[in-house]
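2 protein chains.
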Amino acid sequence: MTETLPAPAGVPAEYRNIGRRVPKFDAVHKTTGHLKFVGDIQLPRMLEIKILRSPHPHARIRRIDTSKAVAIPGVKAIITHEDAPSHPYGREFALPPEYMPRDNFVIPDKARYVGDVVAAVAATTPDVAARAVAAIEVEYEKLPASLDPFAAIASGAPRIHDTVAWGEEVDHLDGNVLRTVSMGVGDVEQGFADADVVIENTFTVPKQQQSPMERRCIVVDPLPDGRLEVWCTTQSIHGLRHNLARALGIPYSRINVHQTFLGGAFGARLDMNVDEPIAALLALKSGLPVRLQLTREEDMMSTSRHPATVRLKTGAKRDGTLVAHEMEAHVDTGAYACSGEWVTKCMGGWFMSMYRVAHQRFTGHVIYTNTPPAAGFRGFGNPQANVPVESHMDLLADRLGIDPVEIRLRNYIREGDAYYAQGPNVVDYIKSCGVEQILTSGAKRIGWDRRAGFAGQGDRKIRKGIGLGRAFHTSGCGQANEVSDILEYAGSVVKINEDGTANLTTALIDMGTGNLMGHAQIVAEVLGLRAEDVLVSSTDTDSSPYDVVTHASRSTYVSGMVAKLAAEKVRDRLTELAGRILDADPGDIVLGGGRATVRGTGGAADASVSIEEIARTAQMRQWGTIMAEASERAVTTASHFTCKFVEVSVDTETGHVTVDRVVAGSDVGQVINPVLVEGQIHGGAAQAFGYALLEEIQVDRETGRTLNPDYLNYKIFTSRDACRDFDVFFADTYEDSGPFGAKGIGESANNDGASAIVNAVANAIGVHIKDLPLTPEKVLRALGKL
Amino acid sequence: MTETLPAPAGVPAEYRNIGRRVPKFDAVHKTTGHLKFVGDIQLPRMLEIKILRSPHPHARIRRIDTSKAVAIPGVKAIITHEDAPSHPYGREFALPPEYMPRDNFVIPDKARYVGDVVAAVAATTPDVAARAVAAIEVEYEKLPASLDPFAAIASGAPRIHDTVAWGEEVDHLDGNVLRTVSMGVGDVEQGFADADVVIENTFTVPKQQQSPMERRCIVVDPLPDGRLEVWCTTQSIHGLRHNLARALGIPYSRINVHQTFLGGAFGARLDMNVDEPIAALLALKSGLPVRLQLTREEDMMSTSRHPATVRLKTGAKRDGTLVAHEMEAHVDTGAYACSGEWVTKCMGGWFMSMYRVAHQRFTGHVIYTNTPPAAGFRGFGNPQANVPVESHMDLLADRLGIDPVEIRLRNYIREGDAYYAQGPNVVDYIKSCGVEQILTSGAKRIGWDRRAGFAGQGDRKIRKGIGLGRAFHTSGCGQANEVSDILEYAGSVVKINEDGTANLTTALIDMGTGNLMGHAQIVAEVLGLRAEDVLVSSTDTDSSPYDVVTHASRSTYVSGMVAKLAAEKVRDRLTELAGRILDADPGDIVLGGGRATVRGTGGAADASVSIEEIARTAQMRQWGTIMAEASERAVTTASHFTCKFVEVSVDTETGHVTVDRVVAGSDVGQVINPVLVEGQIHGGAAQAFGYALLEEIQVDRETGRTLNPDYLNYKIFTSRDACRDFDVFFADTYEDSGPFGAKGIGESANNDGASAIVNAVANAIGVHIKDLPLTPEKVLRALGKL
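Read top to bottom, the protein sequences are chains X and Z. Position one of the first sequence corresponds to residue 0 (numbering that gives the first Met the number 0), numbered consecutively onward. Position one of the second sequence corresponds to residue 0 (numbering that gives the first Met the number 0), numbered consecutively onward.
Next up, the structure:
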């Protein structure tokens, strides 16, 4: 149960960084309003962009007339599909171009959902741009639309895409299935035949919005030599540079993307969206800096979690041993590919990696519909699989009369077991596992033995329930094979300043999680400095080594590992120089407490030199800047495990569910900074509870219009809904493959929460609701009151 | 006579970079007005600073009352000596703190020249700040002033500084001599005794202004965590960071200085001035961003070349062989140390390194006066020594009846000879020398044989003259000993982009000379790329390795060498990866024409891979970013040599001198980019001609007021004065210690010009004027017409 680690003997406490509760270095900049987000950037003569969007879910652009719009004073540039590059581009940052699905056009000649881009205007003010948008005349040829994944795969359904390019190859599609993902082990039919009990259910999980506070914003400054300076709400500056260059058909180095902090992202900025190439093209066309800041409505319609319908069949022996597991998912990717295949692959991987089951099969259909496109979202297919699986564990436990904690303890995968890291191609093995710890300790903390008593509370108005959700996730996308369909490498530069402090440069994006603060702690730990003495520099794609993207719970595990490697190179240089100064063998020198000290000398004055003194001597004697770069790929992932025990109250009159208590147990290996990990766990839980109870982007099945793209009508789980009785604890594990024993957390914090709520409500009301979110209406219906 | 080199066989011409006439990459940004200088920076709520300056040349501040000023709406912060740190600080960037003279205070309690800082105000607008400055009430105790160096060293002269700190040691001064620099070889008295002829003269050289177009400007943004973001017209971002931190008494890493292009500098931005700490202190006090942009008058009074009175005594044999040389200089450093000692040391070094003389002595007195402070200026003591020495060479030639070219050819130092690189401590040896080439070829090009005919032109109104000046300079401040009183190291980072282009990051400042373009060519040459494929990234002190400062004709020789080292590390990585791709030994692979090719295969398709393909494969296979850093000190300097032959017309009625023709011969080793070197030679000549003919900051010897701190009254040598008949040529030398054979040029371009003019005017009018500048008044006086 790791908390802040004590400092080792002889080292002042503030020099012990791993496990220390250090506030984020950017917190003061954010709270004072000093930190500049993309939306704060003002450039002289900057134009504002507005977009003309399709009112139809499926329509070909017959004719488009911008002549009236162009004539409006202040309008500087307009683009339509006629001005835009005609090649399709791909959005995903983590896939090499060779494997990336490409079905987007900078401006398409056919609208595929209500809101798809038809034209874009850059003008001196947003109002002028909006007036110009209104003045564009479009003649649409309305086409029949597929607004539902099952309608979309029915025979004769209107075709949304004829082709999709995958790298340089082109797929000609038969219908609206982008890809079907299949994976499995054993013989599922035989497994079910061998089972003593088989249950099968169909679950639906909703189209949740990522809901970052910051709206998508892009600023592009065109330089006179044709290069573009770009600031963008993006999870990857290098990924954006590459995809934007390919969308525009220009060399990568013509674009320089600047690193900024994000006001949240949760996957909504995981890939390039359609707005970045539009802004860049308008900058090139107008020759002036431009800004495109989406409205809240536009932003909410631009990304979402992939909604899915999931059929799950589970077979078990009487003692609870799982023997067969089969999942079939219909995943709605919306009008464009948008990570749909990769999310579905991962969904299969997460499904197959939760429990030891000899016979498993996963089939995932990735389906185009004429609805707003989905995107990556914290968990990346995991909650979609977790809710059915964890529901089934409870249902099976009930059926077999086994305690739900116990049935999980019998079946969970553990040290040495194989798992699927990111879909069918990537197998890895569990190296550290604290599942037993977190399950048993969590059960005690929540008072699990009260659960049985909650079954059958009769007609009480408020019914209590306790539920458990458990999740498996991986840290990053590493794999043993260097030729991978997912990129997973990072780079860092560490430099010692002449005052003995250090600078760290990494292209990694901090979405608000504090991952860069964690990096500073890792570097400080290697160098024997205080975390506050490691300054994280701002950078851009011109200056920084490649870092793939902030995603997949990889920041600490992958990028942090590479920052550690760079710091170790600097450490070696420091000990070498300390050896020169102290006339000692560098191999005998250790760093700690801000000093380099010859081992075994007890810190005698002539056997110890401060880092500052080394740096100043290096300057004085012109030994050069103490600086190193590391750039490495991850060859492993690290599976991390979480569970959430929740206690809820269900108001049987209103159908409203209140979360009363949360116990969150996490095996994240060594905790680098408890403040930050706790932040992830609190935030992840809120997002999961919203998924379970409230949140769903609703698309009208007749018109294709999004009904609630705003926070008046789309209800998120807010601080008013959040539960203050929230107990966070950690397993006492250490992951050898991670930096200082650390694993990931960002997504796991989210994966298990919805399952816990669904199971707790079932405990309270005796009905297992399978259609998320569990709105009051659905709860009342389950109670037979509607 | 190197011009553009032909491309080697088999490599497309654009891939051969060294010697190629490539336009500066920043030219288009400057000419389109897109490039941002410091003065273009606008920050929200930024305050403007105005400074209250002393009207007295020497006065103690008895009392200062800011109460009325503070009460003016819009005034946000005022500082006086009462608010400022009480420790003295040093200005120089290239000296380690341990050796730096420290006699400046952020705001002194005693004004030492008319214009010295008394208080500073930050307010919402410049007008408000100016009104507040006017409202500050000061009671001065006027002190007697020393307005002339000889007055200042007379007994009983008023004392300007009581103490000067040198690093941590404090000198208690007896009078107004900061330091006396002495150096010598042999036995000068014996040398003069052995001489057949001895001449002795006293020369005065003026207080020239550097005259960059851009005025000094500092923007400081205080961050909520106490750090300062700084943009400044400075020749060294790292030097400024260090000196500013020390002036404020805060750790270096609390300051981040951003790299910008300069609109000229010429040494005026070589050191920190007094304005940077004032701006930083006002930013810290107000908590708001501030800007301090000097007025033209303030800027012109803030720096100048050190004026000097130089007595020179030269002894020679009848055949012209020099046997004894003695120089004594009284150098006026103004009210503060301001590089005065180092300039004087260098002056001695340049003096002693021009000609082979067995017995030499240099004595330089660095004297404080109550006049505006001097500063580093292109040549750094060289023109002050060059004018007397080159005048004497002509005078001696005349006396002995030897041709001036011939007497120089007999005596110049050459390959293998020792020289003093930067004052008495640094001896180096000449490795390449093209003096004979440039002197003999230059004489032919100018038509030297006409010179004799110009002697005695009788009473013609316009008299023609030809003159020669020759100069010696060093490239950078390197030395064999790592413990040096001058820092001379640099760092560079080179990175390959995934499209096969490269990025170069260096903290080096481009003052407008194109030194960064030269770096791009060097990196391109190493990597076999085109210069336009090497992008120079903008950086800051947080992110970049240390680079000491743009000075001392070091950019190409020192920083360029380090950029080459970084590029070579990247080259080695590229050949390693190409070896993997081509299944070949990396040692057999050569880069060129944008490709890596196995030697001896004639570029067969399976034996060659483009850099872009290597980079893309490295991404696809996750081999990491191809990137390397180098940081090294220079252990040698490289002496470079120039000469200028000029032909002038002297109007004997007006005294006006016109430059009719220039022949500039330079031994700069291998020319990296002729366009850039020619630019240096043209600009350096104009600055030298202004020094010889026009330019002098005049300080009233009664009041201490500067009489002409503006371009109406201070006449610089403009494009109207410049000579279009300008013949530039280069010696065919190659310096083994330099990158691709290159040496420096920046200062040499300036050092020889004034001497050439003085000698040409003497040829024309038969009188050798020894008091620069040769204004019409002095010419007429020499002609006996005044």
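Even glycine gets a Cβ: it sits at the ideal position worked out from N, Cα and C.
- Using beta-carbon distances, G593(Z) does not count as an interface residue toward chain X, since no partner is under 8 Å.
- Between A267(Z) and the set P56(Z), R90(Z), F453(Z), the nearest pair of CA atoms involves R90(Z).
- The beta carbon of D186(X) sits closer than 6 Å to those of H358, all from its chain and outside the five residues before and after it, given in chain order.
- Here DSSP, grouped into helix, strand and coil, assigns N16(X) to coil.
- Within its own chain, the residues whose Cβ lies closer than 8 Å to the Cβ of L782(X), once the five positions on either side in sequence are excluded, are T651, G654, I764, V766, listed in chain order.
- For L534(Z), the residues of chain X that pass the 7 Å Cβ criterion are S252, D541, in the order they occur in the chain.
- Runs of alpha helix (DSSP H) with 4 or more residues, each lying fully within the region 221–262 of chain X, are found at 236–247, listed in chain order.
- Contact check between the region 393–400 of chain X and the region 340–356 of chain X: fewer than three CB pairs, one atom from each, fall below 8 Å, which does not count as touching.
- Annotation for A489(Z): the continuous beta strand (DSSP E) segment containing it runs 488–495.
- Chain X places a beta carbon closer than 8 Å to that of R632(Z), counting this residue as a contact.
- By the criterion of a C-beta distance shorter than 6 Å, A633(Z) is surrounded in its chain by G475, G477, E487, V557, once the five residues flanking it on both sides are discounted.
- The beta carbon of M619(Z) sits closer than 8 Å to some beta carbon of chain X.
- With 16 or more other CB atoms across the displayed protein chains lying within 10 angstroms of its CB, L281(X) is buried.
- Y545(X) has a beta carbon lying within less than 8 Å of a beta carbon in chain Z.
- When C-beta atoms of the region 101–115 of chain Z are compared with those of the region 24–39 of chain Z, fewer than three pairs fall below 8 Å, so the two segments do not count as touching.
- Within chain Z, the residues Y251, S252 have their CB atoms less than 7 Å from the CB of N496(X), given in chain order.
- Taking every protein chain shown into account, the CB of R44(Z) has fewer than 16 other CB atoms within 10 angstroms, so this residue is exposed.
- Under the DSSP assignment, G348(Z) falls in the alpha helix (DSSP H) whose first and last residues are 339–351.
- Beta-bridge partners assigned by DSSP to H171(X): T162(X).
- Among the residues of chain Z, none has a CB under 7 Å from the CB of S648(X); the nearest is roughly 42 Å distant.
- In this structure, the straight-line span from the alpha carbon of G455(Z) to that of V778(Z) is close to 16 Å.
- At a cut-off of 8 Å between beta carbons, E213(Z) makes no contact with chain X.
- In this structure, the CA atom of H28(X) is about 7 Å from the CA atom of L222(Z).
- Across the structure, K67(Z) and A129(Z) are spaced so that their CA atoms are roughly 13 Å apart.
- Between the region 530–547 of chain X and the region 223–238 of chain X, the count of Cβ pairs shorter than 8 Å is three or higher; the stretches touch.
- At a cut-off of 8 Å between beta-carbon atoms, D224(Z) makes contact with chain X.
- The beta-bridge partner set that DSSP reports for A417(Z) consists of Y428(Z).
- For M626(X), the nearest beta carbon of chain Z is closer than 8 Å to its own beta carbon.
- A Cβ-Cβ distance of about 6 Å is found for the pair T505(X) and H518(X), placing them in contact under the 8 Å criterion.
- In terms of Cβ geometry, S154(X) and T362(X) do not form a close pair [threshold 8 Å].
- For G740(X), there is no enclosing alpha helix (DSSP H), as DSSP marks it with neither H nor E.
- By the Cβ neighbour-count rule, T636(X) is buried, with 16 or more other Cβ atoms within 10 Å of its own.
- Judged by beta-carbon spacing, M626(X) lies within the 8 Å limit of E628(Z), meaning their Cβ atoms are closer than that value.
- D270(X) and S483(Z) have their C-alpha atoms spaced approximately 52 Å apart.
- Cβ neighbours of L51(X) within its own chain (closer than 6 Å, five residues either side excluded): V117, A118, V132, I135.
- Under the 10 Å beta carbon count, S718(Z) is surrounded by fewer than 16 other beta carbons and is classified as exposed.
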